[in-house]
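Here's the structure we're looking at; comments come further down.
Protein chains: 2
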Amino acid sequence: MNPKNIRIKDIATKAGVSEGTVDRVIHNRGKVSDEAAKKVQLVLDKLKYKPNLIARTLGKNKNYKIAALLPDHSNDDYWKQSYDGIKLGEIQLAQFGINFSVDPFFFDMHSKESYLEASLKLFHSKPDGVLVAPLFSFGSKPFFKKLKEARIPFILINTQLQEVGALSFIGQDLFKSGSLAAELISYGLTKPSTFAILHIDEDLGNSVHLQEKEHGFENFISQQHKQQGHLVKSFVLGSPESETFIPQLREVLTLQNLAGIFISTSKGHIVAQLIKQSSAHIRVIGYDLIRENLTCLQNGTIDFLINQNPMRQAKLGVQTLANQLIFKKVPPPLHLFPLEIITPQNVSTYLSHEGNQSGISI
Amino acid sequence: MNPKNIRIKDIATKAGVSEGTVDRVIHNRGKVSDEAAKKVQLVLDKLKYKPNLIARTLGKNKNYKIAALLPDHSNDDYWKQSYDGIKLGEIQLAQFGINFSVDPFFFDMHSKESYLEASLKLFHSKPDGVLVAPLFSFGSKPFFKKLKEARIPFILINTQLQEVGALSFIGQDLFKSGSLAAELISYGLTKPSTFAILHIDEDLGNSVHLQEKEHGFENFISQQHKQQGHLVKSFVLGSPESETFIPQLREVLTLQNLAGIFISTSKGHIVAQLIKQSSAHIRVIGYDLIRENLTCLQNGTIDFLINQNPMRQAKLGVQTLANQLIFKKVPPPLHLFPLEIITPQNVSTYLSHEGNQSGISI
DNA sequence: AATGTTTCTGTGTGCGCACACACTTGGCCA
DNA sequence: TGGCCAAGTGTGTGCGCACACAGAAACATT
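Residue numbers (the working numbering), protein chains in the order written: chain A, 2 to 363; chain B, 2 to 363.
Listed below in structure tokens is the structure:
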């Protein structure tokens, strides 16, 4: 630190060339003789030149355009938080004088066509970087292929797709997420018990991520509790508005030795009340700090929430794109968030912590 | 965003003065006529001028010197992580071209004299900002008073002291931390049970923070479980090396209906094995992701850990000072970290998450 | 009236980098 | 021999800000 930072100028002097040449070597702009390039590279390595990232942004006066492909959140608190996350990222980058506008492109989360249509629109806006929540894994391959061909870096959040060439995936380990739910739901139980997994208003076939959670849950129960004789049953419930919803739920509640219900999405608040009315001893585990779930946590109808932190995921996505585009920092291909356990006692500490973060940080 | 950012130059033009005058108004350097100052301030407010923080650091070519007062960590993984945190903060700031050296000043965590001595040394090094883990609350007031008089901003981590004039406190809500431990330790229990709180190798009188945890724990048990007839007993155990340590521990283990033991520090690993040997049904809750505790979590001798995240606390401390000194961002007086619950199932997600964070972020 | 003093104001420079531009070579052809 | 091009090289400018310094204006002192 003390022997003041090495600048391009220093490199140029040591290598016996001009700053311009060093610049060309650093940025691979060509138009440098092999001889000079070699000399510069040598000094560069020897002095371990690290560009001053702050100065770099100052000079570069480009307005970066990021596009985000997200589900419409008019009726969904979870995706609302994602949206807030990208906006927060945008604002905080602006504070540092980085021109980084993030344009959202929304799609109907129940319509694949809408998803594809939005992705097309997005592509035509010619963004410098893209953030996607790829809810529809099938059929979106061409979109990613086009992005790759146009050399537009893209980041996936929430749902991981293999081998589509994403710069990075930001989300959680869903298998472990399921295991964690199983661990909590069975904690301290000594009698053989039955647990139900509830998928609400989701097409399980299209939702690889929910299947992952289910597998993780089942795996834990069978591995750790084989000797205990626990049982896991999985249910797909349709839209809460449909007539069959309540009857289906009632059926679940008649299960023998039902000790806990695990709701695989953030929709736990819809059924929590009914479950606890049926029996206060049935444990309920859901996802995410959305408003309705918080209420349930407070009044005791939900025991644990696992926080997926959509806001932080989205914010990090924007920041990662900024780091890539401006600072040329290569992100890890996988950024898995911790599986945060929320209880009535620690929930307030999570709520106050958010937003508290501002300023430079890393 | 689009109507390109407002620069000092723009303000100057609009106000009909020179850039220098605007600069003087912004920085309160005086030497400005009331008339000019008023004009500038008006335009400043109207256009909502926000300085470009990046450009600000570039121009300012000062080497900031931060001093950190920390316990010697040669034998302590917890404080080792704090140290790593300040170093990480330093490195990451350097990446952005910010000259910000952090010098540690260590003290023996069992000796108040050593603490005071180190604080004196620190003061004489004339730092621009200070980070303190004020383990000895009493007697350190004069030190903080001197810092205040010298107008050196200081931040407290880990232990909160009221009314010493700290720029900010970074840590956790210890009362809630105790409540959380109580919630977890009593989760799902139906029979009246006894819980023990263990303070290991600490002078409880000097450790306000451990008392806080204890009160939180007791409060939860008495509030939520009065009807259940639970009981809480608190014990102060001396150094694990002392001859009385094991006998004292054995005495704890003979408690009637002992259902759980809460260790108030990160030293849980010392006793966990012995506890579970005594009875596998006694729940054990400790603190922090230090190596030995991780082993215990994995082999099942510790059920839950509450993560205090000393590394992130320390890193944030450094960043907060940077924000204050360079960007003049005023931090919140209290930055309480979330109370993270660690279990065997989610521990790996916390470990991989750390360090993963680099680049610009907020 | 000339000088000194204080108060205020404008201009200039540099931070480290990116990038545009101008320039120097040497080789090639007419 | 002059002209021309390509390849390689060096210089200059600006990003937005902080700060030093020079300068102008208003006022006080001899």
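Backbone N, C-alpha and C define an ideal beta-carbon position, used for all residues, glycine too.
- In the structure shown, the three-state DSSP call for Y288 (chain A) is strand.
- Inside the segment 163-236 of chain B, DSSP marks whole alpha helix (DSSP H) runs of 4 or more residues at positions 175-186 and 209-226, from first to last along the chain.
- Inclusion of L326 (chain A) and Y65 (chain A) in the CB contact set at 7 Å is warranted, their separation being smaller than that value.
- S349 (chain A) carries a helical assignment under DSSP once its states are collapsed to helix, strand and coil.
- Rounded to the nearest whole angstrom, the CA to CA distance from P334 (chain A) to I201 (chain A) is 31 Å.
- In this structure, the CA atom of P105 (chain A) is about 51 Å from the CA atom of S208 (chain B).
- By the 16-neighbour rule on beta-carbons within 10 angstroms, G318 (chain B) is buried.
- A38 (chain B) is a Cβ neighbour of V26 (chain B), given a cutoff of 7 Å.
- If you draw a straight line from the Cα of R152 (chain A) to the Cα of L71 (chain B), it comes to about 48 Å.
- For secondary structure counted as the beta strand (DSSP E) over 3 or more consecutive residues, the segment 236-268 of chain B holds these complete runs in sequence order: 259-264.
- Taking a C-beta cut-off of 9 Å against chain A, none of the residues of the segment 126-143 of chain B qualify.
- The Cβ atoms of F176 (chain B) and I186 (chain B) do not sit closer than 7 Å to each other.
- Contact with chain B is absent for H270 (chain A), since none of that chain's Cβ atoms lies less than 7 Å from the residue's Cβ.
- For S194 (chain A), not one C-beta of chain B is nearer than 7 Å to its own C-beta.
- Here the C-alpha atom of I342 (chain A) lies approximately 22 Å from the C-alpha atom of I283 (chain B).
- Here the segment 214-234 of chain B does not lie against the segment 149-168 of chain B, with fewer than 3 beta-carbon pairs under 8 Å apart.
- With contacts defined as CB atoms closer than 7 Å, K316 (chain A) and G130 (chain A) fail to qualify as a contacting pair.
- Secondary structure note for S120 (chain B): its alpha helix (DSSP H) is the uninterrupted segment K113 to H125.
- Straight-line measurement puts the Cα of A69 (chain B) at about 11 Å from the Cα of K122 (chain B).
- Residue contact check for E184 (chain A) against chain B: a CB pair falls below 7 Å.
- Counting along the chain, the unbroken beta strand (DSSP E) around Y65 (chain B) starts and ends at Y65 to P72.
- Check the Cα spacing between D46 (chain B) and each of B:V33, B:Y79 and B:D11: the tightest is with B:D11.
- At a cut-off of 7 Å between beta-carbon atoms, F176 (chain A) makes no contact with chain B.
- Listed in chain order, the non-local C-beta contacts of S194 (chain B) below 6 Å within the same chain comprise H231, N258 and A260, local neighbours out to five positions each way being set aside.
- Annotation for P105 (chain A): the continuous beta strand (DSSP E) segment containing it runs F101 to F108.
- Per DSSP, F145 (chain A) is one residue of the alpha helix (DSSP H) stretching across K142 to E150.
- With a 10 Å radius around the Cβ and a threshold of 16 neighbouring Cβ atoms, G269 (chain A) comes out buried.
- Looking at the DSSP output, G130 (chain B) bridges to B:I67.
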